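Report on the structure given below.
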Amino acid sequence: MRLEYTEKQNRFRAEVREWLAANLPAKPLASFDTPEGFEQHRAWERKLAEKGYSAVTWPKDYGGRGCDLIEWLIFEEEYWAAGAPLRVNQNGVFLLAPTLMEYGTPEQKARFLPRMATGDDIWAQGWSEPGAGSDMAAIRSRAVRRNGHYVVNGQKVWSTRAVWADWLFGLFRTDPDSQRHHGLSFLLLPLKTPGITIRPIKQLNGLPGFAEIFFDDVQVPVENRVGDEGAGWSIAMATAGFERGLMLRSPARFQQTARQLVDLYRRHRETADADPGIRDAVIKSWMDAEAYALATYRTACRLAKGGQIGAEASTNKIFWSELDLLMHETAMRILGARGELMPNAPDGGDIGAWLDGFLFSLAGPIYAGTNEIQRNIIAERMLGLPRA
């Protein structure tokens, strides 16, 4: 594939690059898994929204720029190359928003999307439960309809950003007699609703990036349901397609990590070459990051022509999660014992954020649906193999 950009696309790239150079925070923001950092990132979302950069593919009426997917990829390339902050509202902007665009009512779009773009509402996920991780069809949390409300009881776990988020989207069983994929509905819940208890879950780095959420007779208005009652499974699968196949992890994220890995290798080449496998891993990381970028451009072009993201989203999820792990494992090999130091350690030197990135990459094969489950999906839905 040979990528050639139009004059309009090149102008957009130059505009984004110039704006980022003039508006990036003077110093890195605190982690958004801290109260201070969460609000700093919320303020950054507002700054992006002022220019329509919070959600460039959205219609302008909802706070976007009306860009196509190729322009989104261009924006992401410039964003990551500039070292801009991570997106605290990625669950909303990249996952829920495309779902609302497709399944939401006009009233829901007008109510939720503009506040999502500005960061006034930060969203958490409500998928997993203690007995339903990657197997979302095993969800047991119930939402019983009574007098214009759903009364929700149950528990969610591993809810990303839920510690300080404002809203939650997730699946709940609205037909108590249903099983598996049937009888599930997609609901939107404000996390300050009476009856909701949030308990933080610490990550490997000690920060609460996740939470478990308990629902005790929580009342949710029926108008907060997305799509028809009982149609939640198909809607959630569309959301999962956005998560695994395109929007959640843009290729620019991995291309930037690959560039940083190459730079790390060059600065430590004398010692790194003592292990010939390191050089091969660096080369493979670079090649795979570029291959993922080209594959994503191909997907974007297919979608622009009316295509859809199907079961092949599972192949993307496996690829980018294992690529991220490979790059960070390779960085740890290059750094050796120094890689175990925190960035502010006296002998930290140039280790940067590699340790934090490595710890996060370990979760890649698990979140967004474990890679084992994704391989089952590929086997059954793409290759037509029988269920084991």
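Here the working numbering is used: position 30 in the sequence shown is 42, and no number is missing along the way. In this text, a Cβ means the ideal position worked out from N, Cα and C, and glycines have one as well. For clarity, every value in this text was computed on a predicted model and none was experimentally measured.
Terminal residues of the alpha helix (DSSP H) in which residue i lies
i: Tyr304; result: Pro288 to Ala316
i: Trp135; result: Where Trp135 is concerned, there is no enclosing alpha helix (DSSP H), although the beta strand (DSSP E) it sits in stretches over Trp135 to Gly138.
i: Met354; result: Segment: none, Met354 is in no alpha helix (DSSP H) and carries neither H nor E.
i: Met339; result: Ala325 to Leu347
i: Glu30; result: Glu19 to Asn35
i: Ala93; result: Leu81 to Ala93
i: Ile385; result: Asn383 to Ile389
i: Phe266; result: Pro263 to Arg279
i: Tyr411; result: There is simply no residue 411 to check, as the chain begins at 13 and stops at 400 in what is shown.
i: His53; result: Pro47 to Glu62
i: Met148; result: Segment: none, Met148 is in no alpha helix (DSSP H) and carries neither H nor E.
i: Gly376; result: Run containing Gly376: none; DSSP gives neither H nor E here.
i: Lys121; result: Pro118 to Thr130
For residue j and residue i, believed in contact at Cβ under 8 Å, the rounded distance
i: Asp1; j: Arg291; result: Absent from the model: residue 1. The displayed extent of the chain is 13 to 400, so no value can be given.
i: Val232; j: Val164; result: 6 Å
i: Phe421; j: Asp336; result: Residue 421 cannot be examined here, being either before or after the span of the chain that is shown, 13 to 400.
i: Trp139; j: Asn103; result: That belief does not hold up - the Cβ atoms of Trp139 and Asn103 are roughly 10 Å apart, past 8 Å.
i: Ile247; j: Thr111; result: 6 Å
i: Trp31; j: Lys63; result: 6 Å
i: Gly131; j: Glu57; result: 3 Å
i: Gln225; j: Leu180; result: Going by the sequence as given, residue 225 is Ile instead of Gln. The pair is a contact, with the Cβ atoms about 7 Å apart (cut-off 8 Å).
i: Val238; j: Phe198; result: 4 Å
i: Met65; j: Leu125; result: A small fix is needed here, since residue 65 is Tyr in this sequence, not Met. About 15 Å; that fails the 8 Å criterion.
i: Trp298; j: Ala325; result: Contact doesn't hold; Cβ gap of about 24 Å is too wide.
i: Glu141; j: Val169; result: 6 Å
Candidates the options: closest to residue i by CA position
i: Arg192; options: Ser153, Asp229, Trp170 and Ala357; result: Ser153
i: Ala243; options: Gly182, Pro220, Ser326 and Gly221; result: Gly182
i: Ser262; options: Glu282, Gly239 and Thr311; result: Thr311
i: Asp240; options: Leu219, His194 and Thr205; result: His194
i: Ala365; options: Asn383, Gln272, Asp189 and Ser326; result: Gln272
i: Gly218; options: Glu16, Phe372 and Pro97; result: Phe372
i: Ala122; options: Thr269, Ser190, Pro358 and Gly76; result: Gly76
i: Leu367; options: Gly348, Gln268, Ala61 and Asn383; result: Gly348
i: Pro97; options: Ala270, Leu395 and His53; result: His53
i: Met113; options: Asp187, Leu85, Thr69 and Ala270; result: Thr69
i: Lys317; options: Pro71, Leu201 and Asp80; result: Asp80
i: Thr186; options: Gly361, Arg23, Ile86 and Trp245; result: Trp245
i: Ala55; options: Arg99, Leu395 and Ala26; result: Arg99
i: Asn22; options: Ala94, Ala303, Arg314 and Ile82; result: Ile82
i: Arg25; options: Pro71, Glu51 and Ala94; result: Ala94
i: Glu302; options: Arg314, Gln268, Cys313 and Leu315; result: Gln268
i: Glu51; options: Asn101, Leu306, Leu15 and Asn159; result: Asn101
i: Pro202; options: Ala174, Asp189 and Leu196; result: Ala174
i: Lys296; options: Leu338, Leu306 and Thr327; result: Leu338
i: Arg157; options: Arg350, Asn236, Asp287 and Ala61; result: Asn236
i: Thr18; options: Arg399, Asp287, Glu282 and Ile86; result: Ile86
Sequence-distant residues of its chain with Cβ nearer than 7 Å to residue i (five each side left out)
i: Gly49; result: Leu41, Ala42 and Ser43
i: Gly289; result: none
i: Ile346; result: Leu276, Tyr277, His280, Ala284 and Ile290
i: Leu148; result: Checking the sequence shown, residue 148 turns out to be Met, not Leu. Excluding residues within five positions, the ones whose Cβ falls inside 7 Å are Trp139, Leu183 and Ala248.
i: Trp84; result: Val68 and Thr69
i: Leu15; result: Tyr309
i: Thr327; result: Ile390
i: Asn35; result: Lys59
i: Ala305; result: Pro263 and Gln267
Beta-carbon contacts of residue i that lie in its chain and below 6 Å, excluding the five residues immediately before and after
i: Phe5; result: A question about residue 5 goes unanswered here, because the residues of the chain that appear run from 13 up to 400.
i: Ala264; result: Glu88, Glu89 and Trp92
i: Arg127; result: Asp133
i: Arg393; result: Ala323
i: Ala293; result: Thr342
i: Tyr162; result: Ala155 and Val232
i: Asp229; result: Val163 and Gly207
i: Leu397; result: Ala391
i: Gln215; result: Gly221
i: Thr205; result: Val230
i: Ile29; result: Correcting the residue type first, residue 29 is Arg in the shown sequence and not Ile. Here the set comprises Glu90.
i: Thr209; result: Phe226
i: Gly116; result: Val238
i: Asn383; result: Ile330 and Pro377
Beta strand (DSSP E) segment containing residue i, residue limits
i: Pro233; result: Phe222 to Pro233
i: Leu200; result: Leu196 to Pro202
i: Pro212; result: Ile208 to Ile213
Neighbourhood of residue i by C-beta, 8 Å cutoff - its chain only, sequence neighbours within 5 removed
i: Thr172; result: Asn103, Ala136, Gln137, Gly221, Phe222 and Tyr379
i: Pro47; result: Trp176
i: Leu353; result: Asp359, Gly360, Ile363 and Leu367
i: Asp189; result: Gly195
Problem set entry | Runs of alpha helix (DSSP H) wholly within the segment 150 to 188 (minimum 4 residues, chain order) | none
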